[in-house]
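Peer 1:
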Amino acid sequence: MSRVLFVSVVLLLAQSLSSAFAAEAPAVAQQLLLRADTLQSDQKDDVLTATGKVELEWGSSRLYADMAKYYRDRGLIEADGNVRLLKDGDTLAGDSGRLHLESQTGVVTNATIFIKNNNLHVTGTSIEKRGEQEYRIDHGTITTCDGETPSWRFSADDLKLTVGEYASGKNAVFYLGDLPVFWFPYLIFPAATERQSGFLIPKIGNSDKKGAFMEIPYYWAISPSQDLTATLDFESARGLGIGLEHRYLSSNKGRGSSNAFLIYDWRQDRFRGTVELKQQFDFSDQTYWRADINKALDRDFHRDYGMDSGEYNKQYLEAAAFLSHRFTASLLATAGVDYLDNLDAPDNKSTLQKLPYVTLAGSGERLSSTPFYYSFASSLTHFERDQGSRGERLLLAPELTLQGAVTDAVSGRVNLGYYQLGYNAAEAGAANGSTANGVVRASAAVQAGFSRIYEGSIGEFSRFRHLIVPELNYSVTEKKSLQDIPFFDYDDRPVGGQLLTLSLNNFVTGRSVKGDAVAYRDLLRFSVSQGYQLSGGRRDLLVLVDHGRLFTDTAVMAELLPLADWRLFTDNRISPYNGKVTNSILGVEVGKPTGTRAGLDYHHAEAKLDYIEGKAAYADFRPYLFAVSARYSFDRPGFLETLYSVEYKHQCWSLLFSYRDRIDNQDFSLTLTLSGLGMFKFF
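Going by the working numbering, the sequence shown opens with residue 217, and the numbers climb by one from there.
Below is the structure:
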């Protein structure tokens, strides 16, 4: 007998068998295809019996078994022996089963369910299908781990599963391997193929400042475009706090997040907290809004509650927002506010605020048919503070540029501009009222580019290109007394004088060929520059003043990339008078961001800071990931901060232990992550 037997059967399906084992359309006539070694038809009872490598096919569903009976009048399939029902990568399997096609119900014994979308595995002595997406499992287990013996699982006496939502059960036990760890009288486990609301995994730890703490987050999937995480923060030494984090996307290419934390601090007997807001909206290709707002209820909040470097040692909190509109490719207008909290000052009364400011800038426009290009910068700023000078400043800075090629290898440019300042000030002493002043500024530069190709095989490279770019810059600012105008910031005091700067930039690029593929990689970037003050003074970026010396510090910067995963870099300022390094950054990075890696950075600024920072992670001793980072101060000998962590990673879960040691605080935390779980509820 032929292995493939076609039986034309009219099936009226009310709906799909399930979300995982469904026909494509409800209540439609379909054909059932049977494949088996043998087939018998009982006309009296209207039963088809198939034995030997049975396969039933309807729509996109497949049923496999050793033997199957199809009762055509009842729309019932009885299958026995290695029963498997498949659709779209999802599987319902067991020893035997009964399936009612029209009502979408049935029972499978000694059964398993696999949901592909979230790698969900469910087992039970029997699995009863109660509807399109609903199941009841006797003595069931559920996990997202692969394998016959999963690394973790939940068991429950009476487990109910709704695909796309949750599985719930009574008398639940959490297992690590075969070891029972936790018991829950009731469990709700996510079986969602999309984002769902629910509790996230708690985080526990201990800190000198917080005491023993536990964070219990709840995730709310408000809509496909926004969500909210609310976290209860229990701190034995501080109190009970609540944190909120809201994230959203909008139709106008917008995105944003809002973070807030509030706690009643038992130690200080007052409420303490912080608010952070980030927004990004593009109303059109020309108009956009940006905001980055950070505020705290008290000036010491981040010192007491911040965990990471950059948080607990914040010097400023900034609240900035602006709206920009681009009229043309070269004309941009911006209006905004910029508010600063100086956390190092005893109060914020003398901190200068920009409330508000407006700027208009243009660049790159050719001046009619002439060879000149014009650009300009302008701004109107209202400065406000409780103590000290305040008022308005108008800045206008037009500029003309002439640029072009001198030869094939040499190009040059000349700039001429004017820097005009106007004020209406109060509490500014002799500069009160309306004042104005301005200076002429000009610059010129000549740049050349010379390159050479070197043939030769070194490592993976067969050819090298060396590019040398020398550049000579001259700048002049009119030397003029500006004591008759207010001083809000350094934009009010352009330093007059002439400065000549010579720089030499080097670039080395390697070319490699693998088969038909050609690849290029930068191997070296090196630059050195030296300035000489022909007249007047200057304000160096790093040290702000020049101490009356004509030569600037020599700037030496280099970046070496000998291998794909190696990077050595340095940025130095060296005094030409005594040879001392006034500012320096020196570092090396090895490895890939997600693998075994190490990095070491040295930071030095004369009379300001002197420390070294190192980070390392070892990922080759799988399934463990070891990491350590530390910062050591040389000017105040001792470690500023040290962080150790060990993470055990498995296919479906990980456990992270971290210990942080700071001068004023020591803390540890333990974080459990169950892959594919993300959120669960327990009572």
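We put the beta carbon where it would ideally sit given N, CA and C, even for glycine.
Taking DSSP as the reference, what is the three-state secondary structure of Phe517?
Peer 2: Helix, per DSSP.
Peer 1: Please determine, among Leu683, Ala660 and Ser659, the residue with the shortest C-alpha to C-alpha distance to Phe666.
Peer 2: When only C-alpha atoms are compared, the closest one is Leu683.
Peer 1: Could you give the C-beta distance for Ser591 and Leu611, rounded to a whole number, given that I count them as a contact under 8 Å?
Peer 2: About 14 Å; that fails the 8 Å criterion.
Peer 1: Once DSSP output is grouped into helix, strand and coil, what is the label at Gly305?
Peer 2: Coil at Gly305, not helix or strand.
Peer 1: Among Glu694, Arg681 and Arg765, which one has its Cα closest to the Cα of Arg727?
Peer 2: Minimum Cα distance to Arg727 is reached at Arg681.
Peer 1: Within the continuous beta strand (DSSP E) that includes Lys494, where are the two ends?
Peer 2: Taken as a continuous stretch (DSSP letters only), the beta strand (DSSP E) holding Lys494 covers Arg486 to Asp498.
Peer 1: Taking the straight line between their C-alpha atoms, what separation do you get for Ser861 and Phe873?
Peer 2: Their backbone Cα atoms lie some 5 Å apart in a straight line.
Peer 1: Kindly give me the distance between the Cβ atoms of Ile417 and Leu888, rounded to whole angstroms, as I take these residues to be in contact under 8 Å.
Peer 2: With a Cβ gap of about 6 Å, Ile417 and Leu888 count as contacting.
Peer 1: Is it the case that the Cβ atoms of Ser691 and Gln714 are separated by a distance below 9 Å?
Peer 2: Taking 9 Å as the Cβ cut-off, Ser691 and Gln714 qualify as a contacting pair.
Peer 1: Going residue by residue through the region 805–830, where are the continuous beta strand (DSSP E) segments of at least 3 residues, counting only ones entirely within it?
Peer 2: If we require 3 residues or more, the beta strand (DSSP E) runs fully inside the region 805–830 come out as 813–821.
Peer 1: Tell me, please, which residues DSSP counts as bridged to His866.
Peer 2: Note: His866 sits in no beta bridge, so no partner.
Peer 1: Evaluate Leu248 with the Cβ neighbour count: other Cβ atoms within 10 Å of its Cβ, from every protein chain shown; 16 or more gives buried, anything less gives exposed.
Peer 2: Leu248 should be labelled buried.
Peer 1: Counting only the same chain and skipping the five closest in sequence on each side, list residues whose C-beta sits under 6 Å from that of Gly811.
Peer 2: Same-chain partners within the cutoff: Ala835.
Peer 1: Apart from the five residues just before and just after Ala735, which ones in its own chain have a Cβ nearer than 6 Å to its Cβ?
Peer 2: Around Ala735: Ser728.
Peer 1: Using CA atoms only, rank isn't needed, just tell me which of Leu392, Gln259, Tyr848 and Gly356 is closest to Leu377.
Peer 2: It is Gly356 whose Cα lies nearest to the Cα of Leu377.
Peer 1: Please classify Trp782 as buried or exposed, where buried requires at least 16 neighbouring CB atoms within 10 angstroms.
Peer 2: With fewer than 16 Cβ atoms within 10 Å of its Cβ, Trp782 is classed as exposed.
Peer 1: Just tell me which of Asp449, Lys730 and Tyr528 has its CA closest to the CA of Ile420.
Peer 2: It is Asp449.
Peer 1: Would you grab the beta carbon distance between Arg369 and Tyr402 for me? Rounded to a whole angstrom, and I think it's under 8 Å.
Peer 2: Going by Cβ atoms, the distance from Arg369 to Tyr402 rounds to 17 Å, so no, they are not a contact pair.
Peer 1: Pull up the distance between the alpha-carbon of Tyr280 and that of His866, whole angstroms please.
Peer 2: Cα to Cα, the separation comes out at about 33 Å.
Peer 1: Given this structure, state the Cα-to-Cα distance separating Asp602 from Arg506, to the nearest angstrom.
Peer 2: Using only the alpha carbons, I get a separation of about 27 Å.
Peer 1: Thinking C-alpha only, which one of Ser312, Gln320, Thr307 and Leu750 is nearest Asn333?
Peer 2: Asn333 has its Cα closest to that of Thr307, out of Ser312, Gln320, Thr307 and Leu750.
Peer 1: Which of the three DSSP states is assigned to Gly291 in this structure?
Peer 2: In the structure shown, Gly291 sits in coil (DSSP, three-state: anything other than H, G, I, E or B).
Peer 1: Quick check: what's the CA-CA separation for Asp557 versus Leu568?
Peer 2: Asp557 and Leu568: Cα-Cα distance of roughly 9 Å.
Peer 1: If you run the structure through DSSP and keep just helix, strand and coil, what is Gly645?
Peer 2: Of the three classes helix, strand and coil, the one that applies to Gly645 here is helix, per DSSP.
Peer 1: Spatial neighbours of Gly297 within its chain, please: C-beta separation below 8 Å, excluding the five flanking residues on both sides.
Peer 2: Ala281, Asp282, Met283, Asp311 and Ser312.
Peer 1: For Gly459 and Arg838, I'd like the C-alpha separation in whole angstroms.
Peer 2: Going from the Cα of Gly459 to the Cα of Arg838 covers about 35 Å.
Peer 1: What distance in whole Å lies between the Cβ atoms of Thr623 and Tyr589, which are believed to be in contact at a cut-off of 8 Å?
Peer 2: Actually they do not touch by this definition, with Cβ atoms about 21 Å apart.
Peer 1: Excluding sequence positions up to five away, which residues of its chain have a Cβ less than 6 Å from the Cβ of Trp399?
Peer 2: Val389.
Peer 1: Determine contact between the region 780–795 and the region 765–772, defined as no fewer than three beta-carbon pairs at a distance below 8 Å.
Peer 2: Contact holds: three or more Cβ-Cβ distances are below 8 Å.
Peer 1: Is Asp880 helix, strand or coil by DSSP?
Peer 2: Three-state DSSP puts Asp880 in coil, outside helix and strand.
Peer 1: How do the region 571–587 and the region 534–553 stand: do at least 3 beta-carbon pairs fall below 8 Å, yes or no?
Peer 2: Yes: at least three Cβ pairs fall under 8 Å.
Peer 1: Are there 16 or more other CB atoms within 10 angstroms of the CB of Val656, so buried, or fewer, so exposed?
Peer 2: Exposed.
Peer 1: Three or more C-beta pairs closer than 8 Å, one from the region 533–541 and one from the region 504–524: is that the case here?
Peer 2: Yes: the two stretches touch, three or more of their Cβ pairs being nearer than 8 Å.
Peer 1: Within 10 angstroms of the Cβ of Ile532, are there 16 or more other Cβ atoms? Answer buried if so, exposed if not.
Peer 2: As written in the sequence, residue 532 is Tyr, which differs from the Ile given in the question. Burial call: exposed.
Peer 1: Please classify Tyr351: is it buried, with 16 or more other beta-carbons within 10 angstroms of its beta-carbon, or exposed?
Peer 2: The residue is buried, with at least 16 neighbouring Cβ atoms inside 10 Å.
Peer 1: How would you write the range of the beta strand (DSSP E) that Lys376 sits in, first residue to last?
Peer 2: Element bounds for Lys376: Trp368 to Thr378.
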